[in-house]
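*Asks:*
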Amino acid sequence: MDQAELQRSGTLTELPSMDQLWMPFTANRQFKASPRLLVSASGMYYRSHDGRQILDGTAGLWCVNAGHGRQEISAAIAYQAQEMDYAPPFQMGHPIQFEAANLLADIAPADLKKVFFTNSGSESVDSALKIALAYHRARGDGTRTLFIGRERGYHGVGFGGISVGGMVANRKVFRGSLLPNVDHLPHTYSAEHQAFSRGIPEWGAHLADDLERIVALHDASNIAAVIVEPVAGSTGVLVPPKGYLERLRAICDKHGILLIFDEVITGYGRLGTPFAAQYFKVTPDIITTAKAVNNAAVPMGAVFVRNGIFDTVVNGSPEGAVELFHGYTYSGHPLAMAAAVAAQKIYKRENLLTRVHDEGISHYWQEALHALSDVRHVKDLRNLGLIGAIELESRPGAVGKRAYEAFVASYARGLLVRYTGDTIALSPPLIIERGQIDQIMSTLRDVLRTLD
Ligand code: PMP
């Protein structure tokens, strides 16, 4: 067998040299001392380089919503690669990008029916911020340039994203070079009032009122947009308090400020609705997405924009002129579009955008997760849709160490989880069966029992 065949069969006899690759968001030296390599994937499972089956508790990175190895998607990509590998996206089109945009617009909330393609969540965030600025300028409101993000927000790693984001570690080194015109709302988590809430916490809607303070400080005439994740994921799964997003919407409306939902993880069925906007019944002006837009088979992002915003930007320019000086070489890449069309058809046919709700999966998930409340080290449990978090008590002087050990021990027992700080984050593919939910929770129960 050659190396490729070995990889497919899931046993890698010889590890590659690891001297050259600089791995992202990874402790490189630690990883290379005891590497974890994934070599193949199918359905709910990965296979590790040492031939073990690994249950995917994270849908890759919140992105493989229809499960791994979907033939329909890989066939569509292969066909498209043969038919036309690449086409320039500026002043040129190709049919499948319009088909993808139409399918996506079908599931978008309200009048967010204009779709702008990118290659990642970070690019979607940058694009959304720039569209917000372009909109205000086209309306003659060019002083509106300030963005309001949120503490503990994650909006990717571009300079725009880390500036509006509130992850201290991601900002620290770059602090002198962030966007200058940004303020932040407080985050919405309170251990005192919300610990062990099932689903949406009752306490905390008033935290949205801080937006009024920020508006008063900077004056509404200078503020372009507020950007929040409806459910913050990467900073430990923070579910918004009941009524909180409605209040943000109302305050933005009152002051002519755009509201951007970053749905890079909540988009495409994770909460049992196509988007979190539909789950919370709050309509933002712009939605950023990526990841599951095409089941993560090819890098891709998509930004949804209200018709009126598009019209304003487009009509604000003379006929024949380029209206938005923004776009990527790979916007609407044919292979990404082929994957998106195939993935969206699967989501529709298998009801994956609503399954988590319709088939009672989110309820089962919630009960299974909260059954861990008596387990050693568990400080809090949080959940919504098919997202879960287990916050552990930090070991004194070693924040993150215990969750890292849980991650390593889970992997050794055939389960992939994520950790951020001392929180274990869970977000399995939406095709998960009840037995696999049980397997995730019982593995974690065993793992936590073994930790110091
Ligand atoms: N926004 C949110 C809410 C995310 O969770 C992420 C990635 N986890 C991003 C943006 C950035 O996406 P990407 O890594 O594709 O740039």
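Numbering follows UniProt numbering, with no gaps: position 104 of the sequence shown is 104. Glycine included, each C-beta is placed from N, C-alpha and C at the ideal position.
#1: Determine, using beta carbons only, whether Glu245 and Phe280 come nearer to each other than 7 Å.
#2: What's the gap between the Cα of Lys254 and the Cα of Val182?
#3: Using CA coordinates, which residue listed in Lys130, Val314 and Ala108 is at the minimum distance from Gly158?
#4: Among the candidates Leu248, Ile387, Asp374 and His326, whose CA atom is the shortest distance from the CA of Gln366?
#5: Return yes when the Cβ of Gly166 is within less than 7 Å of the Cβ of Gly121, no when it is not.
#6: Who are the near neighbours of Leu103 in its chain, counting only those whose CB is closer than 7 Å to its CB and skipping five residues on each side?
#7: Count the C-beta pairs between the segment 213 to 222 and the segment 405 to 412 that are closer than 8 Å, then say yes if the count reaches three, no if not.
#8: Please classify Leu258: does DSSP put it in a helix, a strand, or coil?
#9: Any contact between the segment 167 to 177 and the segment 133 to 141? By contact I mean 3 or more CB pairs, one from each, below 8 Å.
#10: What are the boundary residues of the beta strand (DSSP E) that includes Asn383?
#11: Quick one: what's got a C-beta closer than 8 Å to Gln439's C-beta in the same chain, skipping five residues either side?
#12: According to the neighbour-count rule (16 or more other Cβ atoms, all chains shown, within 10 Å of its Cβ), is Met18 buried or exposed?
#13: In whole angstroms, what separates the C-alpha of Leu146 from that of Arg306?
#14: Might you give, ordered along the chain, the residues of its own chain that have their beta carbon closer than 6 Å to the beta carbon of Lys401, omitting 5 neighbours on each side?
#15: Which of the three DSSP states, helix, strand or coil, is assigned to Phe325?
#16: Rounded to whole angstroms, what's the CA-CA distance from Pro180 to Ala368? Just pull it up for me.
#17: Per DSSP, what are the beta-bridge partners of Glu391 in this structure?
#18: If we ignore side chains and look at the alpha-carbon of each, how far apart do Phe90 and Gly327 end up?
#19: Reducing DSSP to helix, strand and coil, say where Ser40 ends up.
#20: Using a threshold of 6 Å, is the CB atom of Val298 nearer than that to any non-hydrogen atom of the ligand PMP?
#21: Is Ser317 close to the ligand PMP? I mean its beta-carbon at under 6 Å from any heavy atom of the ligand.
#22: Considering just the uninterrupted stretch of the beta strand (DSSP E) at Lys114, what are its terminal residues?
#23: When you compare the CB positions of Ile286 and Ile257, do they come within less than 7 Å of one another, or not?
#24: Please state if the CB of Ile96 and the CB of Ala338 are separated by a distance shorter than 7 Å.
#25: Among all the DSSP beta bridges, which residues are the ones paired with Asp183?
#26: Taking 8 Å as the cut-off, does the segment 372 to 387 touch the segment 187 to 202 (at least 3 CB pairs, one atom from each stretch)?
#27: Just the C-alpha distance for Arg449 and Lys114, rounded to the nearest angstrom, thanks.
#28: Just to confirm the assignment: which complete alpha helix (DSSP H) runs, minimum length 4, are found wholly within the segment 50 to 119?
#29: Is Ala302 near the ligand PMP - that is, is its Cβ less than 6 Å away from at least one heavy atom of it?
#30: To the nearest angstrom, how far is it from the Cα of Thr420 to the Cα of Ala302?
#31: Which runs of the beta strand (DSSP E) at least 3 residues long sit entirely within the segment 170 to 218? Give them in chain order.
#32: Using the Cβ count rule (16 or more neighbours within 10 Å means buried), how would you classify Gly236?
#33: According to the neighbour-count rule (16 or more other Cβ atoms, all chains shown, within 10 Å of its Cβ), is Met44 buried or exposed?
#34: Anyone know if the C-beta pair for Val417 and Gly60 falls short of 7 Å?
#35: Would the C-beta of Tyr279 count as close to the ligand PMP, meaning under 6 Å from any of its heavy atoms?
#36: On the DSSP letters alone, give me the boundaries of the alpha helix (DSSP H) that Ile227 sits inside.
*Replies:* Judging by the given coordinates:
#1: Checking the sequence shown, residue 245 turns out to be Leu, not Glu. Their beta carbons are under 7 Å apart, which means Leu245 touches Phe280 by this criterion.
#2: 20 Å
#3: Lys130
#4: Ile387
#5: With contacts defined as CB atoms closer than 7 Å, Gly121 and Gly166 fail to qualify as a contacting pair.
#6: Excluding sequence neighbours, Leu103 sits near Val341 and Gln344.
#7: no
#8: strand
#9: no
#10: Val378 to Leu384
#11: Leu55 and Leu415
#12: exposed
#13: 20 Å
#14: Arg395
#15: Phe325 sits in coil when the DSSP states are folded into three classes, being neither helix nor strand.
#16: 44 Å
#17: Bridge partners of Glu391: Asp380 and Thr423.
#18: 8 Å
#19: strand
#20: Flag unset: Cβ of Val298 not near the ligand PMP.
#21: no
#22: Per DSSP, Lys114 belongs to the beta strand (DSSP E) from Lys114 to Thr118.
#23: no
#24: yes
#25: Ile148
#26: yes
#27: 50 Å
#28: Listed in chain order, they are 59 to 62, 71 to 83 and 95 to 107.
#29: no
#30: 26 Å
#31: Listed in chain order, the complete beta strand (DSSP E) runs (minimum 3 residues) inside the segment 170 to 218 are 182 to 185.
#32: Answer is buried; the Cβ neighbour count reaches 16.
#33: buried
#34: In this structure, Val417 sits away from Gly60, with a CB-CB distance that is not shorter than 7 Å.
#35: no
#36: First-last for Ile227: Ile223 to Val228, but that is the beta strand (DSSP E), not the alpha helix (DSSP H).
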